[in-house]
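S.K.: Chains as they are written, first to last, in my numbering: chain G, 17 to 291; chain Y, -5 to 174.
Cβ atoms here follow ideal geometry from the backbone N, Cα and C, with glycine treated the same way.
(1) Between the beta-carbon of residue 28 of chain Y and the beta-carbon of residue 0 of chain Y, is there less than 8 Å?
(2) Where in the segment 52 to 98 of chain G do unbroken runs of the alpha helix (DSSP H), each at least 4 residues long, occur, reported from the N-terminal end onward?
(3) Give the interface partners of residue 95 of chain G over in chain Y, defined as CB-CB distance under 7 Å, in chain order.
(4) Hey, does residue 276 of chain G have any beta-carbon neighbour from chain Y nearer than 8 Å?
(5) Identify, in the order they occur along the chain, each residue of the same chain with its Cβ nearer than 8 Å to the Cβ of residue 161 of chain Y, setting aside the five sequence neighbours on each side.
(6) Kindly say whether residue 102 of chain Y, judged by its beta-carbon, lies nearer than 8 Å to any beta-carbon of chain B.
(7) Taking all protein chains shown into account, do 16 or more other C-beta atoms lie within 10 angstroms of the C-beta of residue 135 of chain G, making it buried, or fewer, making it exposed?
(8) In terms of residues, what are the limits of the alpha helix (DSSP H) holding residue 24 of chain Y?
(9) With a threshold of 16 other CB atoms inside 10 Å of the CB of residue 144 of chain G, please say whether the residue is buried or exposed.
(10) Taking DSSP as the reference, what is the three-state secondary structure of residue 42 of chain Y?
(11) Buried or exposed for residue 63 of chain Y, going by 16 or more other Cβ atoms inside 10 Å?
(12) In whole angstroms, give me the CA-to-CA distance for residue 166 of chain G and residue 234 of chain G.
(13) Residue 136 of chain Y and residue 83 of chain Y: beta carbons closer than 8 Å?
(14) For a contact defined as C-beta to C-beta under 9 Å, what are the partners of residue -1 of chain Y on chain G?
(15) With H, G and I counted as helix, E and B as strand and the rest as coil, what does DSSP make of residue -1 of chain Y?
(16) Any beta-carbon of chain Y closer than 8 Å to the one on residue 85 of chain G?
(17) Could you tell me which of G/148, G/131, G/81 and G/66 sits nearest to residue 119 of chain G, measuring between CA atoms?
(18) So, do the segment 245 to 263 of chain G and the segment 200 to 215 of chain G have three or more beta carbon pairs nearer to each other than 8 Å?
(19) Give the secondary structure of residue 91 of chain Y by DSSP, where H, G and I count as helix, E and B as strand, and everything else as coil.
(20) Under DSSP, the alpha helix (DSSP H) around residue 250 of chain G begins and ends at which residues?
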């Protein structure tokens, strides 16, 4: 068996194991398995031995993704309905990395094209929220920001300041307050399908490593999005005012309070004055 | 894949894996160990037993072995080989760590689950592995259906007790014992 044969064997086994088909129901696969694999001493046929791997593949992946989308699971009608959705997703989007934490990376975009759930805006919001939590959980860490920087910076330096946000920060503009739904589900409280309401969320991992979803006003959300793009603070304030058709002075009035919230919550990683 | 797929145990596969282990060790610059996986199928092309494959691999690639005693037991049952002969054939000086774990009986095969107590037969095999390899860092794997801490802790204590029992010097080498 040369390297090429080994590669072909690996491709055959991995394709079969990730496949949706019960191996024994496919005569060609059963014959191929019989040519490659010995029967077991206990009497298992070659395809039955390969089926052990296929069964384990699906159990492992479905169990893993089950835990990653609690809000979406409730929205689609519970664990059984979610299993159906997740099975379709994994068939369409097999895992691409070694990291099971990344298994659901394409679920929000898959869901958007799904015939059953793609037209349900609440399901789409729930998928995006759950995935933002997964990303925030796994994001790299960084040393805490020293708030004394804020006090020691001369006022005229601030317009040129670039604000680096913490790597765990995710900004979501949604049509439903799905963060309240997720929190209620987590607490085991009775929940109802929420009505539509424009919602701007900051998802992040706080300094104590708890995951948080914080609703912010649209103006603060705009500013955070612009700052995340590396735009200096002065320019970012003007851009946020233009986009939201608000008076730049209004942003100036609120900036102090926002910075207090952002530093206390660990949203800011660093402030740079390097141009 | 997030799964440990079995390899055909042939000379050609050996060449393939030895080359890759050497490359990984060269890149990482740190000692590297390979674990025996539990397996549920055997390829017709295999020309050597798994223990011979691992022994030659560790020698030629100059790498360590992580001996999973439960995996030896599970694979031995599934493929009909002698688990004790497997342990006796492993180069003890290459083993840098051992694993023990629980498994489930699925009727026609055993499944490595990490979700139960270590079975008596596996503790017995662990005793044999300790006698062959000497004092070796050991991990109790229990990451499915995780029980209360007291249960996990008792399982680790069992591993320590087995180690102490097997590796204790014989009475004639510890005359102080009668004074205790």
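M.R.: Let me lay it out:
(1) No; because the gap between Cβ atoms is not below 8 Å, this pair is not in contact.
(2) The segment 52 to 98 of chain G is shown to contain whole alpha helix (DSSP H) runs of 4 or more residues at 62 to 82 and 86 to 91, in chain order.
(3) Residues of chain Y passing the Cβ test: none, with the nearest at roughly 18 Å.
(4) No, residue 276 of chain G does not count as interfacial toward chain Y.
(5) Excluding positions up to five away in sequence, the list reads 124, 128 and 129.
(6) Absent here is chain B; the protein component of the structure consists of chains G and Y.
(7) Burial state of residue 135 of chain G is exposed, judged by a 10 Å Cβ sphere holding fewer than 16 other Cβ atoms.
(8) If you look at residue 24 of chain Y, you'll find it isn't in any alpha helix (DSSP H); DSSP assigns it neither H nor E.
(9) With 16 or more other Cβ atoms from the protein chains shown falling within 10 Å of its own Cβ, residue 144 of chain G counts as buried.
(10) In the structure shown, residue 42 of chain Y sits in coil (DSSP, three-state: anything other than H, G, I, E or B).
(11) In the assembly as shown, residue 63 of chain Y is a buried residue. Its beta-carbon has 16 or more other beta-carbons within 10 Å.
(12) Each residue's alpha carbon lies about 24 Å from the other.
(13) The answer is no: Cβ separation not under 8 Å.
(14) Simply 26, 29, 30, 33 and 69.
(15) In the three-state reduction of the DSSP assignment, residue -1 of chain Y falls in the coil class.
(16) Chain Y contact via Cβ: absent.
(17) Closest in C-alpha terms to residue 119 of chain G, from the list G/148, G/131, G/81 and G/66, comes G/81.
(18) In short, these stretches do not touch, since the Cβ pair count stays below three.
(19) DSSP places residue 91 of chain Y within a strand segment (E or B) once states are collapsed to three.
(20) That run of the alpha helix (DSSP H) goes 249 to 260.
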